[in-house]
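**Student:** Under our numbering, the first residue of the sequence shown carries the number 24, and numbering increases by one thereafter.
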Amino acid sequence: RVISDDADVLVLDKPARLVVHPGAGQRTGTLAHALLAHAPSTAGVGGPRRPGIVHRLDKGTSGLLVAAKSPRAYARLTEQLAARQVTRRYLALVHGELRQNEGTIDAPIGRHPRHRTRMAVLPARKGKRAVTRFRVLERFKGFTCLEAQLETGRTHQIRVHLASLGHPLVGDPTYRLSSTPRISDSALAALVEGLDGVALHAASLAFTHPVTGARLEFTSPSPNRIDRLLSYLRVGFAPSPHPLPHGGRGPR
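Next up, the structure:
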C-alpha cells in the first residue's frame, strides 16, 4: 500500500509475508517487483535488485519503509540512515514480562557461528555495533507489548536483541528460546498461528525529505493480525500490576 508518493520518494506500508527483495527463495512477487511496476523510475536506483529501497523489512514484519525515485534522493536518504537521522519505531509483542519499563540494548550482532541463516549477539570483535531502545506499552500474564526504536539497522536486529534478553517475539520460530513456554490456550495459539509472520510492525517512520528539506513523519496503525492478539490478551490475560510508562498504549 502506498502511503505517500511524490517526485522524489515513496513511503510504503508492507504487509507481513511479502518479501522485499528477490532472492534464491523467491524470484518473483516481491515488493521490489511491485515497486518497479508502480514507479518505473526506481529501476537501477541503489542497485539492480534494490529499486530505490532505502531500508528493508523482514518477510514476517509488516509496516512502513521508504524508497527513493532518483539516485540523488537515494544518496541523501541513505546518508540520513547512516547518520541515525531516520527515526524508526516498531510495535512488538514478546514472550514473558519485561521487568523494566524502558531500556537500551547495546550489543553487537553478526552471523550466527553455526546456523548461517540466523544472526546472533556476538563479541564486539566479531559483530557490528547494534543499538535498540525500548519502552513497555502494556503487560499481560506471560507477554509484554512494547515499542522498539532502532538506532542502527542490523539484520534481524530487534528480533535478536529481544531474544537476547530472554523475550523472543511472539510468532518467531527462528529466535524462539528452548525456555519459552508453549502456549497452552488453544484460542491464543490459533491467533499466533494466524499472525502470518512475527508480532512486529514498523509503526512510525520519520526522515528529512531529500530535496525539500522538510521533516516528514508517517504512522501505520497496528494491523488486524496483531490487534486480534492484543484484544484477546487484554480479556483473558489480565495485565500484571506494574506501572506503564508515559501512560501510552502505542508507539509515539
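Glycine included, C-beta positions come from ideal geometry on N, C-alpha and C.
Note that this is a predicted model, so its numbers are computed, not measured.
Just verifying my parser: in three-state terms, what is the DSSP assignment at residue 105?
**Tutor:** helix
**Student:** Taking C-beta to C-beta, are residue 190 and residue 119 nearer than 8 Å?
**Tutor:** yes
**Student:** Are there 16 or more other CB atoms within 10 angstroms of the CB of residue 201, so buried, or fewer, so exposed?
**Tutor:** Label assigned to residue 201: exposed.
**Student:** Helix, strand or coil, according to DSSP, for residue 259 in the structure here?
**Tutor:** helix
**Student:** What residue ranges within the stretch 65-127 form continuous alpha helix (DSSP H) runs of no fewer than 4 residues, ordered along the chain?
**Tutor:** Taking only runs of at least 4 residues, the alpha helix (DSSP H) segments lying wholly in the stretch 65-127 are 94-105.
**Student:** Taking residue 34 as part of the beta strand (DSSP E), name the residues at either end of that continuous run.
**Tutor:** 32-37
**Student:** Applying the criterion that 16 or more other CB atoms from any shown protein chain within 10 Å of the CB defines a buried residue, is residue 213 buried or exposed?
**Tutor:** exposed
**Student:** I think residue 36 touches residue 243, with their Cβ atoms under 8 Å apart; what is that distance to the nearest whole Å?
**Tutor:** 5 Å
**Student:** Could you check how far apart the C-beta atoms of residue 319 and residue 166 are, in whole angstroms? I think they sit under 8 Å.
**Tutor:** Nothing can be reported for residue 319, as the shown portion of the chain is limited to 24 through 275.
**Student:** Can you grab the Cα-Cα spacing for the pair residue 256 / residue 228, in whole Å?
**Tutor:** 27 Å
**Student:** DSSP three-state call for residue 250: helix, strand or coil?
**Tutor:** Residue state, collapsed to three classes: helix.
**Student:** Using the DSSP secondary-structure output, state which residues sit across from residue 27 in a beta bridge.
**Tutor:** Per DSSP, 34.
**Student:** From residue 267 to residue 66, what distance separates their C-alpha atoms?
**Tutor:** With a pLDDT of only 48 at residue 267, under 50, the local geometry of the prediction cannot be trusted, and the value read off the model is given with reservation. One C-alpha to the other measures close to 46 Å.
**Student:** Straight-line CA distance for residue 269 to residue 114?
**Tutor:** At residue 269, the pLDDT of 41 sits below 50, so the modelled position is not reliable; the number obtained from the coordinates is stated separately. For residue 269 and residue 114, the distance between alpha carbons rounds to 15 Å.
**Student:** If you draw a straight line from the alpha carbon of residue 132 to that of residue 151, how long is it in whole angstroms?
**Tutor:** Across the structure, residue 132 and residue 151 are spaced so that their CA atoms are roughly 5 Å apart.
**Student:** I'd like to know whether the C-beta atoms of residue 154 and residue 129 end up nearer to each other than 8 Å.
**Tutor:** yes
**Student:** Please name the residue or residues paired with residue 184 in a DSSP beta bridge.
**Tutor:** According to DSSP, which records beta bridges pairwise, residue 184 is partnered with nothing at all.
**Student:** Since residue 243 is in the beta strand (DSSP E), which residue starts that stretch and which ends it?
**Tutor:** Here residue 243 belongs to no beta strand (DSSP E), and DSSP marks it neither H nor E.
**Student:** Helix, strand or coil for residue 160? Go by DSSP, reduced to three states.
**Tutor:** Here residue 160 carries a strand assignment [DSSP, helix/strand/coil].
**Student:** Assign residue 214 to one of three DSSP states: helix, strand, or coil.
**Tutor:** helix
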